[in-house]
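Residue numbers (UniProt numbering): 1 to 567. Backbone N, C-alpha and C define an ideal beta-carbon position, used for all residues, glycine too. Written out below as C-alpha cells is the structure these notes cover.
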Amino acid sequence: MPDLTFPTVRYGGMETPWDLRPLLYRGGASTDIRKVLQVIAGGALGPPILDRLTLVTKLHDVLAGNLAAGGSRYTARIAIAHIRSFYAWVDESNRSPTLATVETDFLEWTNHLTHRQRVVGDLTAVGVYNLSRHLARLLDEVLGLKIGLLRRTRVDFVPSRKRVLSTKADKQNSADTLAFGHALLDISDALTVDSIRGKLPVLIRFRSGKQIEEWSGLQPDHKLKALVAPTTPPSLKEKVINRRAKWESDTSLRTKRPLINLRIEAELLIFIAQTGMNLSQAHKLDIGRFSYQSHLDGYLVRRVYKDRRQGEVEFEIYSEYRTLFERYLAWHRAIFQDGGNGLLFPLSSRQQRARDVSPPLRAIRVRCALLKIPFVGPRSLRSARVNWLMRRSRDPALTAEMNQHTTQTLLRDYIRPHHQAAIVEISRFHSTTDPAIASPGPGVCAEGRPQLIPDASAGAPRPDCISPAGCLFCIHQRDIDSEDHAWSLASYRHYKSLELAMYRPPRKSGVPHPVIAVLDRITDKLECFKASSENRSLWVSEAIARVEEGEFHPKWDGFIQLVEARQ
Numbered sequence: 001m002p003d004l005t006f007p008t009v010r011y012g013g014m015e016t017p018w019d020l021r022p023l024l025y026r027g028g029a030s031t032d033i034r035k036v037l038q039v040i041a042g043g044a045l046g047p048p049i050l051d052r053l054t055l056v057t058k059l060h061d062v063l064a065g066n067l068a069a070g071g072s073r074y075t076a077r078i079a080i081a082h083i084r085s086f087y088a089w090v091d092e093s094n095r096s097p098t099l100a101t102v103e104t105d106f107l108e109w110t111n112h113l114t115h116r117q118r119v120v121g122d123l124t125a126v127g128v129y130n131l132s133r134h135l136a137r138l139l140d141e142v143l144g145l146k147i148g149l150l151r152r153t154r155v156d157f158v159p160s161r162k163r164v165l166s167t168k169a170d171k172q173n174s175a176d177t178l179a180f181g182h183a184l185l186d187i188s189d190a191l192t193v194d195s196i197r198g199k200l201p202v203l204i205r206f207r208s209g210k211q212i213e214e215w216s217g218l219q220p221d222h223k224l225k226a227l228v229a230p231t232t233p234p235s236l237k238e239k240v241i242n243r244r245a246k247w248e249s250d251t252s253l254r255t256k257r258p259l260i261n262l263r264i265e266a267e268l269l270i271f272i273a274q275t276g277m278n279l280s281q282a283h284k285l286d287i288g289r290f291s292y293q294s295h296l297d298g299y300l301v302r303r304v305y306k307d308r309r310q311g312e313v314e315f316e317i318y319s320e321y322r323t324l325f326e327r328y329l330a331w332h333r334a335i336f337q338d339g340g341n342g343l344l345f346p347l348s349s350r351q352q353r354a355r356d357v358s359p360p361l362r363a364i365r366v367r368c369a370l371l372k373i374p375f376v377g378p379r380s381l382r383s384a385r386v387n388w389l390m391r392r393s394r395d396p397a398l399t400a401e402m403n404q405h406t407t408q409t410l411l412r413d414y415i416r417p418h419h420q421a422a423i424v425e426i427s428r429f430h431s432t433t434d435p436a437i438a439s440p441g442p443g444v445c446a447e448g449r450p451q452l453i454p455d456a457s458a459g460a461p462r463p464d465c466i467s468p469a470g471c472l473f474c475i476h477q478r479d480i481d482s483e484d485h486a487w488s489l490a491s492y493r494h495y496k497s498l499e500l501a502m503y504r505p506p507r508k509s510g511v512p513h514p515v516i517a518v519l520d521r522i523t524d525k526l527e528c529f530k531a532s533s534e535n536r537s538l539w540v541s542e543a544i545a546r547v548e549e550g551e552f553h554p555k556w557d558g559f560i561q562l563v564e565a566r567q
C-alpha cells in the first residue's frame with residue numbers, strides 16, 4: 001500500500017494528519033476523520049477496494065505536487081474536503097470510481113448537486129459551482145484533459161457580483177475602518193503588562209463611550225450561581241472564591257491566554273494596516289531586534305543580526321507607528337520572557353494550531369460584535385492602506401511598487417472608486433479637452449477673447465466677456481442644442497424687453513437704444529432655431545409659452561423680478 005499521507009505539511013499538536021487511505025474503503029469518506037483509521041484497523045469498513053488505488057494515488061500526487069510547488073495549505077485542505085464529499089456520494093450510490101469511470105461518476109455527481117440546488121434547496125448555486133469547479137480542476141490534472149470536465153456539466157457559471165460603490169458606501173467604509181482602528185488602539189492601550197497581571201476584571205474603555213469587562217476565562221462574579229444564589233453553602237462559596245483568587249494570582253499563559261491573545265490580535269491587525277503585509281506572512285514573523293532607517297515619511301525596518309544593522313529590509317512603517325511598535329516589543333519581552341516560541345505575534349490556542357495556519361482572529365471578531373462595529377479583516381485593512389496611498393500619491397505605479405503588486409493587479413483587485421477624486425479628475429479632463437467656457441450670456445464661449453461679429457448692426461453692444469448682451473455679438477459665442485437653451489434665450493429676451501420699456505429717451509434723440517439690437521439678435525436666433533427642425537420648433541414654442549406664463553429660466557429669473565419690482 002503506497003503512502004497516501006502528506007509528511008511535508010506541519011500539523012498542530014491536536015490536528016489529525018491528512019491521509020487519503022480512507023477513500024479506498026466504502027464508507028471511509030463519510031466517517032469522522034479523527035476516528036476513521038481506528039475504524040479501518042478494527043475491520044468495520046471491510047477490505048480496501050484496490051480498483052480505486054490508482055485514481056486515489058494520482059489525486060495524492062497532484063495535491064502533494066501543488067504543495068511542493070508552494071501551493072496554499074488552505075487550498076489543499078479545501079481540495080481534500082471536496083474529494084471526501086465526492087467519495088461519500090460515490091459510496092452512497094454504490095459506485096467505485098477508477099481512472100476509466102471517474103469522468104462519468106463526476107458528471108453524475110454534479111447532476112446530484114444540481115438536483116439538491118434546484119429541487120431540494122439545501123445548496124446554493126454558488127456552492128454547487130465552487131464544489132464542482134475545485135474537484136474538476138483536480139481531475140483535469142489527474143486525467144490530463146485539455147478541455148475541462150466542468151464544461152461538460154450542467155453546472156451554471158455564477159459570476160461574482162461587484163456592488164456599485166456609492167458616495168454613502170464609500171464614506172461608510174472609511175468610517176467603519178476608522179472605528180475599527182480606534183477599537184484596536186483602545187484594546188492595545190488597556191491591556192498593559194500590569195493590567196493583565198493585576199486584578200480581574202480588566203476594564204477596556206473605548207473612545208466611543210462603551211466599555212468591556214475582560215475576565216480572562218473566568219465567569220463574571222454576577223453571573224456565577226455559586227456566588228449569587230442565596231442558598232449556596234458558605235463553605236462552597238468560600239471554596240469558589242479561593243479558587244478564583246488562585247486563578248487571578250497565576251500570571252502564566254494558562255490563565256492569561258485570553259487577554260494576551262486579545263492584545264496580540266489587536267497588535268497584529270494594527271501591524272498589517274501599517275505595513276500592508278499579508279496575514280499569512282505577518283503571523284509567522286520572528287521576534288528579534290530591529291533597526292530603523294528613515295525613508296520618505298516613515299522607516300525601513302531591518303532585523304539586527306549580531307549587532308550588524310545592515311540586514312535585509314523586513315518591512316516598511318510610517319513614522320507615527322514606530323512608537324506603538326516599540327511599545328509592543330517591550331510588552332512582548334515582559335510577557336514572553338522565554339521568547340514566545342520565537343514569534344513576533346505568538347498567538348496560542350488550546351488546539352495547538354500549526355504555525356503555517358493563519359489565526360482566525362476570533363477574539364477581535366467577538367469584541368467587534370459586542371461593540372456593534374464591523375470587523376475589518378486583514379485584506380480590507382490592506383485595501384484601505386492601498387487606496388489611501390493611491391489617493392495621496394495619484395500614482396498607480398508608485399502605489400503598486402510600495403505594496404509589492406503589479407499595476408494591473410493593483411487596479412483590478414485593490415483600488416476602489418473614490419467619488420471626490422473622480423469628480424476632480426473629470427473636471428480636469430473637461431477643462432483640458434472641452435473648449436467650452438462659461439459665458440455671461442446665453443450659450444457658451446469657445447475662446448475667452450472677445451471679438452465682434454463682422455455683420456453686427458449699428459449700435460450693437462461690443463463683446464467684453466462681462467456683459468451678457470455683448471456675448472450675443474461675439475464671434476466665439478456658441479448656442480447649445482437643447483430645450484434649456486431655448487428657454488434661456490426667451491427669458492433673456494423678456495428681461496431685455498422690460499429694460500427697454502423702462503427707457504425714457506431724451507427729446508430730439510434719433511439714436512436707437514442698444515437693447516433693440518439685442519432683441520433683434522435673440523429673435524433671429526429663436527427663429528433660426530425654430531426653423532431648423534420640428535423638435536427644436538417645439539422647444540422654442542414651449543419656451544415662449546413658459547415666459548408668457550411667468551415661468552422664467554433660473555439664470556434670468558432673479559434679474560426679471562428685480563426689474564419688475566422697480567416698475
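| query | result |
| --- | --- |
| Take the Cβ of F529 as the centre, count every other Cβ of all protein chains shown within 10 Å, and call the residue buried at 16 or more, exposed below. | buried |
| Give the secondary structure of H476 by DSSP, where H, G and I count as helix, E and B as strand, and everything else as coil. | coil |
| Pull up the distance between the alpha-carbon of P463 and that of A179, whole angstroms please. | 57 Å |
| Using only alpha-carbon positions, find the residue among L131, T177, N173 that is nearest to F157. | L131 |
| In this structure, how does DSSP classify T5 when only helix, strand and coil are distinguished? | strand |
| Could I get the ranges of all uninterrupted beta strand (DSSP E) runs contained in the region 253-324, with 3 residues as the minimum, in chain order? | 290-295, 298-303, 313-318 |
| Sorted by chain position, which residues of the same chain lie with C-beta nearer than 7 Å to Q274's C-beta, five sequence neighbours on each side aside? | I317, Y318, Y321 |
| Helix, strand or coil for C465 per DSSP? | coil |
| If you reduce the DSSP assignment to three classes, tell me which class A438 lands in. | strand |
| Only counting the same chain, and skipping five residues up and downstream in sequence, which positions put a Cβ closer than 6 Å to that of L99? | T54, L55 |
| Return the CA-CA distance between F325 and D356, expressed in angstroms with no decimal places. | 24 Å |
| If you check the beta carbons only, do S216 and I241 fall under 9 Å apart? | no |
| Nearest to P220 by CA position, among P396, P450, L200, is which residue? | L200 |
| CB-CB under 7 Å to R207, same chain, minus the five flanking residues each way: which ones, in chain order? | H182, D186 |
| Using the three-state DSSP reduction, which class does I212 fall into: helix, strand or coil? | strand |
| Taking the beta strand (DSSP E) that I204 belongs to, which residues open and close that run? | 202-205 |
| Nearest by alpha-carbon distance to S439: which of H222, Q477, T5, G42 is it? | Q477 |
| Which value, in whole angstroms, describes the spacing of the CA atoms of I453 and I475? | 5 Å |
| Are there three or more Cβ pairs, one per stretch, closer than 8 Å when the region 62-74 is compared with the region 106-124? | no |
| What residue range is occupied by the uninterrupted alpha helix (DSSP H) comprising P505? | Per DSSP, P505 belongs to no alpha helix (DSSP H) and is neither H nor E. |
| In whole angstroms, what separates the C-alpha of D484 from that of L538? | 12 Å |
| For V444, which three-state DSSP category applies? | strand |
| Buried or exposed: which applies to S541, given that a residue is buried once 16 or more other Cβ atoms fall within 10 Å of its Cβ? | exposed |
| Taking the Cβ atom as the reference point for each residue, do L135 and A79 lie within a distance shorter than 9 Å? | yes |
| CB A29 to CB F86, shorter than 9 Å? | yes |
| Which whole runs of the alpha helix (DSSP H) in the region 3-87 are 4 residues long or more, in chain order? | 36-41, 53-68 |
| How big is the Cα-Cα spacing for I204 and R263? | 11 Å |
| Can you tell me which of the three DSSP states L411 falls into? | helix |
| Could you tell me whether the Cβ of R428 comes closer than 9 Å to any Cβ of chain B? | Among the protein chains of the structure shown there is no chain B, as only one such chain exists. |
| Which of helix, strand or coil does DSSP assign to L218? | coil |
| Provide the residue span of the alpha helix (DSSP H) that contains residue 581, from first to last. | Outside the displayed span of the chain (1 to 567) sits residue 581, for which this structure offers no information. |
| Quick one: is D91 buried, meaning 16 or more other Cβ sit within 10 Å of its Cβ, or exposed? | buried |
| Just the Cα atoms here: how many angstroms apart are E213 and V202? | 6 Å |
| Report, in whole angstroms, the separation of the C-beta atoms of Y492 and P468, which I expect to be a contact under 8 Å. | 7 Å |
| In the DSSP assignment, find the alpha helix (DSSP H) that holds E548 and state where it starts and stops. | 534-548 |
| Where does the unbroken alpha helix (DSSP H) through H112 begin, and where does it stop? | 102-115 |
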